[in-house]
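Reviewing the structure listed below.
There are 2 protein chains.
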Amino acid sequence: MKLQVKDMEIETGGPLVATINKNDAEKMDLHPLDRAKIIKGKKIETVVLNISETGAIVPEGKIGLCEEVMNSLKLKVGDHIRLVPTKKPLSLEYIKKKLDGFRLSKKEIDQIVWDIVHNKLSDIELTYFVAACYSHELDIRETTLLTKAMSRFGDILRIKRYPILDKHCVGGVCGNRTTMLIVPIVAACGVTIPKTSSRSITSPAGTADTMEVLANVSFSIKKMKKIVERTNACIVWGGALNLAPADDKIIRVERPLAIDAKSQLLASVMAKKASVSATHLLVDIPAGKGSKIGSMKKALSLKKDFEDLAKNLGIKIKVIITDGREPIGNGIGPALEARDVLWTLRNDKMTPLDLKRKSLMMAGLMLEMAGKAAKGGGYYLAKKTLESGKAYKKMVEIIKMQEGKIIKPENIPLGQLSWDVRAKKTGIIKEINNITIARIARVAGAPQDKGAGIYLYKHIGDKVKKGEKVFTIYAYHKSKLDYAKELFRKLDGVCIG
Amino acid sequence: MKLQVKDMEIETGGPLVATINKNDAEKMDLHPLDRAKIIKGKKIETVVLNISETGAIVPEGKIGLCEEVMNSLKLKVGDHIRLVPTKKPLSLEYIKKKLDGFRLSKKEIDQIVWDIVHNKLSDIELTYFVAACYSHELDIRETTLLTKAMSRFGDILRIKRYPILDKHCVGGVCGNRTTMLIVPIVAACGVTIPKTSSRSITSPAGTADTMEVLANVSFSIKKMKKIVERTNACIVWGGALNLAPADDKIIRVERPLAIDAKSQLLASVMAKKASVSATHLLVDIPAGKGSKIGSMKKALSLKKDFEDLAKNLGIKIKVIITDGREPIGNGIGPALEARDVLWTLRNDKMTPLDLKRKSLMMAGLMLEMAGKAAKGGGYYLAKKTLESGKAYKKMVEIIKMQEGKIIKPENIPLGQLSWDVRAKKTGIIKEINNITIARIARVAGAPQDKGAGIYLYKHIGDKVKKGEKVFTIYAYHKSKLDYAKELFRKLDGVCIG
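Heads up: the protein sequence lines correspond to chains A and B, in order. Each step along the first sequence adds one to the number in this note's numbering, with nothing skipped, and position 455 is 455. Each step along the second sequence adds one to the number in this note's numbering, with nothing skipped, and position 182 is 182.
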């Protein structure tokens, strides 16, 4: 059927969409969400159909197109195109199969991931896939296949070096900016570590948000390669790259119901590691009250899942379970965390010792994995590298390569408004709950307001006198600071016994 | 946040949608598919958010609204509104619970159905509900609760009579237009039967499509009530009414994967019956090769499900399993089926005897259920009512009340193009497969082209001579007839042994 183009002025960001009039749809026996090909000259795009019930939006004889189709077929308003019904993507059959509880083959998983990456599936169809994987957990064979497919159908960082190190933390602990210490320590010892990190989704800061206080974090894969080849390392935002792109599309439909299908989560994480060609991986699972992994049983089960999957992928792995009951470091929020990192690298007296200790322990393990230190000797090599100033020097190199400028930690700008929380009685700090701290820091403005957040003077077990400062909230806007104060008064989670 | 209105010129037909710029979204910590309230004076609407990645579609400071929101808040382009983040609907928690395999309570099911009916759920969220019900089949208690909720959150036809009869066929058999014979027979015997029917989705004609050849089928519930009070009956399109409206919204997201969650299907059917206040119900399950229900085991299991659910709803039910291996009646397509119905009602020599026999049997059972005939006597009462012309007289009444005009069956217009399929050898008809016949009739134009379709001269078991006509295809357009011919040559399904 010939139809005249109308520009709908919509960008879908996902599957390509076209809207036709109800009467034209009836003539062609087409229904909402059916597929059709749009043909203009020798160019073809496959779209998912919407049906306009009234002529007000799309009258008979016209077709409303999203920006993506307008651009890809180089169409102008008023052009004529041919619309031809076409079959649904093959992967729908496989998604149905999984929803029916059957195991999927390599071919089937590849097809599903290919269709996701190439925007062939509508939101509804993708949601069925997520629901199917959630109801019928993928087994280790399927998870391995999914991981490989997610990595393969995206860009891959190819660096001809061995070993290539990587680290991952399952998250849930405020502060905990170990990556920004581990990367320069390990790289200063001559080990390659091309680190991609995420931005915060529900926390007050992600590593990418924090690094962004000091340098640019959005690079092409070509530029990323250059940085790594020059400095052994980088700390960039994974979202700016096209590594395992199926992941972001899946996360989008998981969000509304806060679904996290375990096997899919594992596949997402490991696919990103495979995409930077990592050969050795250290995984940190913080566990305990107030963290993501509440019990040791859960932590051990997740540890085993990581180990099994890494083995199948040929990645050498070490998984550690750490104390996730309270924030690590003093600053919470991008600028406050960046300040902690710089103080530590510069061996300043303001260094948060818990952050330093944990980072050295992890960097040590990674140096042992990389063969740079004997078993048990990694910690000392890491400590020497940090305290000699070599790690700071390496960080300066990385920041410069990433188009940042060197700034003293004291000069990092914070929110100009602040409010101190003081102890109501003398005693010992019994709890500083991550969930509570994260909510207050976010309400104060983190991570969007870089200098907003919380600075902790105390950790669990510390003595505190009545009237002494426990933490300070920083913000740029009075309304946000007021809301953060109000929230602190309402929430439990910081307690002195 | 204050934003200026932009009209997106989109109608969603589902949940209300608003699009804001990425930068505004970041400021408010909003993500795609989050909920927000749009406030204009004293009016409020809750919307699901889209995020525009570039300023080209929705620049900072603006908000793009769908037609439904523009109209409901009486907004004009350039107006200012206030946008306030709000919580997700309660039902999301319950949908997640079901997806996790737990049973749902009355309160939870009510909330989910209410949110579906009031367009509070996005496609993704609704899809999770369907997937959850598919993976974790609702039990009979949940199915009953779902049925009641679907019926309650919609219009209800209230007629102060007892009994009120209804019938239902699970479909899959071409022709089989028994409803249009049963309704006038039963109504002529003084029994109330307010029949709502569907249009075809995948078949060559639904009862609503066929009745539309003779009369109007789209009425308000008020007008429907008037018709039933005057004539004891009606044959109207359920889609024009607001009976159990959750159903249509669920079907929309089931379509892409051809999901049919059994318990949900049962709930949909029974909710429509509850919505017309039916007290007695006859269900026809055609079974056998080429029908929807392939095996007797499946048919018996479905029968039991209907019986259990009806019992819980307080509806007296009778379920029959009939022969679904071939079309019932000779005409296939709206006009051709309407002609069969009129011939039968007028006791014409062209009456298809299989259709007459099945309709009398079913009408007889319903008359027995209604207490109008003793057990075993219903068939004879139905036969007398039909052959005496009383049923035809009743149909004339109904057609007139439904704004139709009385037409002779011979004068019903058919497609002016036709093509005869003739036997290639002498023998006995072994198979006339419903799926094959339905596909050919649809390709010829049915149900959109009312007079298109197939007319059968033979049924299974009939003798046929070489060169004798087996069926004729009717169409309005040469291209459609050609495609139907081509399809007939390619498909198996009509065979002579």
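The beta carbon of each residue, even a glycine, is placed where N, CA and C say it ideally should be. None of the values given here were measured: they were computed from a predicted structure.
Per-residue contacts from residue i into chain B (C-beta, under 8 Å)
i         : result
A/His-459 : Ordered by position in chain B, no residue passes the 8 Å Cβ test against A/His-459, which lies about 28 Å from the chain.
A/Lys-226 : Simply none; closest approach about 27 Å.
A/Thr-127 : Asp-123, Ile-124, Thr-127, Tyr-128, Ala-131
A/Pro-256 : Leu-33, Lys-88, Leu-92, Ser-122, Ile-124, Glu-125, Tyr-128
A/Lys-96  : Leu-257, Ala-258, Ile-259
Residue span of the alpha helix (DSSP H) that contains residue i, given as start and end
i         : result
B/Lys-98  : 91-99
A/Thr-178 : Where A/Thr-178 is concerned, there is no enclosing alpha helix (DSSP H), given that its DSSP letter is neither H nor E.
A/Pro-334 : 334-345
B/Glu-307 : 296-313
A/Ile-398 : 390-401
B/Leu-481 : 478-490
B/Asp-209 : 207-211
Within chain A, partners of residue i - CB distance below 7 Å
i        : result
B/Pro-32 : Arg-252
B/Leu-73 : Chain A residues near B/Leu-73: none, gap ~18 Å exceeds 7 Å.
Neighbour list for residue i in chain B, Cβ cutoff strictly below 7 Å
i         : result
A/Asp-123 : Asp-123, Ile-124
Beta-bridge partners of residue i, as assigned by DSSP
i         : result
A/Thr-196 : A/Val-236
B/Asp-420 : B/Thr-472
A/Asp-7   : A/Leu-65
A/Lys-430 : A/Lys-430 is not bridged to any residue.
B/Lys-88  : Paired residue(s): none; B/Lys-88 is not in a bridge.
A/Arg-82  : A/Lys-2, A/Ile-39
B/Thr-322 : B/Pro-286
B/Leu-49  : B/Ala-18
A/Tyr-455 : A/Gly-331, A/Thr-472
A/Val-464 : A/Gly-427
A/Lys-316 : A/His-280
B/Ile-44  : B/Ile-39
Pick from the options that is closest to residue i, judged by C-alpha positions
i         : options                                    : result
A/Ala-149 : A/Lys-107, A/Ile-140, A/Glu-486, A/Asp-139 : A/Lys-107
A/Asp-420 : A/Lys-289, A/Tyr-455, A/Ile-332, A/Ile-221 : A/Tyr-455
A/Val-130 : A/Lys-289, A/Leu-92, A/Ser-52, A/Gln-448   : A/Leu-92
B/Thr-86  : B/Asp-34, B/His-118, B/Met-296, B/Glu-326  : B/Asp-34
A/Leu-99  : B/His-118, B/Leu-83, B/His-80, B/Glu-137   : B/Glu-137
B/Thr-322 : B/Gln-264, B/Gly-171, B/Met-270            : B/Gly-171
B/Pro-59  : B/Ala-25, B/Thr-192, B/Asn-71              : B/Ala-25
B/Ile-429 : B/Lys-96, B/Ser-263, B/Cys-189, B/Ile-496  : B/Ile-496
A/Gly-331 : A/Gln-264, A/Val-117, A/Leu-353, A/Ile-317 : A/Leu-353
A/Ile-185 : A/Gly-376, A/Glu-387, A/Pro-245, A/Pro-286 : A/Glu-387
B/Arg-199 : B/Cys-174, B/Lys-223, B/Pro-163, B/Gly-238 : B/Gly-238
A/Thr-436 : A/Phe-488, A/Leu-417, A/Gly-404, A/His-459 : A/Phe-488
A/Lys-74  : A/Lys-62, A/Val-84, A/Ile-38               : A/Ile-38
B/Val-48  : B/Lys-2, B/Asp-308, B/Asn-119              : B/Asn-119
B/Gly-451 : B/Thr-202, B/Leu-3, B/Leu-214, B/Ser-105   : B/Leu-214
B/Ile-293 : B/Ile-432, B/Ile-473, B/Gly-324, B/Leu-90  : B/Gly-324
A/Lys-318 : A/Val-117, A/Ile-112, A/Leu-104, A/Asp-166 : A/Asp-166
A/Val-5   : A/Lys-40, A/Met-28, A/Pro-32, A/Ile-412    : A/Lys-40
B/Ile-250 : B/Asn-242, B/Leu-243, B/Gln-264            : B/Gln-264
B/Lys-97  : A/Ser-135, A/Val-84, A/Tyr-162             : A/Ser-135
A/Gly-415 : A/Ala-484, A/Gly-371, A/Tyr-392, A/Tyr-474 : A/Tyr-474
Residue i: contacting residues in chain A (beta-carbon distance under 8 Å)
i         : result
B/Glu-26  : Gln-448
B/Asp-29  : Arg-442, Gln-448
B/Tyr-134 : Leu-99
Run of the beta strand (DSSP E) containing residue i, from where it starts to where it stops
i         : result
B/Asn-21  : 17-21
B/Ile-496 : 494-496
9 Å Cβ cut-off: residues of chain B touching residue i
i        : result
A/Ile-57 : Glu-9, Ile-10, Glu-11, Glu-67
What runs of the alpha helix (DSSP H), each 4 residues or longer, lie entirely inside the segment 213-292 of chain A? Listed in chain order, the complete alpha helix (DSSP H) runs (minimum 4 residues) inside the segment 213-292 of chain A are 221-231, 246-254, 262-275.
Entirely enclosed alpha helix (DSSP H) segments - the segment 116-192 of chain B, minimum 4 residues: Within the segment 116-192 of chain B, the complete alpha helix (DSSP H) runs of at least 4 residues fall at 123-135, 140-152, 179-188.
Completely contained alpha helix (DSSP H) runs for the segment 348-385 of chain A, where each covers 4 or more residues: DSSP runs (the alpha helix (DSSP H)) wholly in the segment 348-385 of chain A: 353-369.
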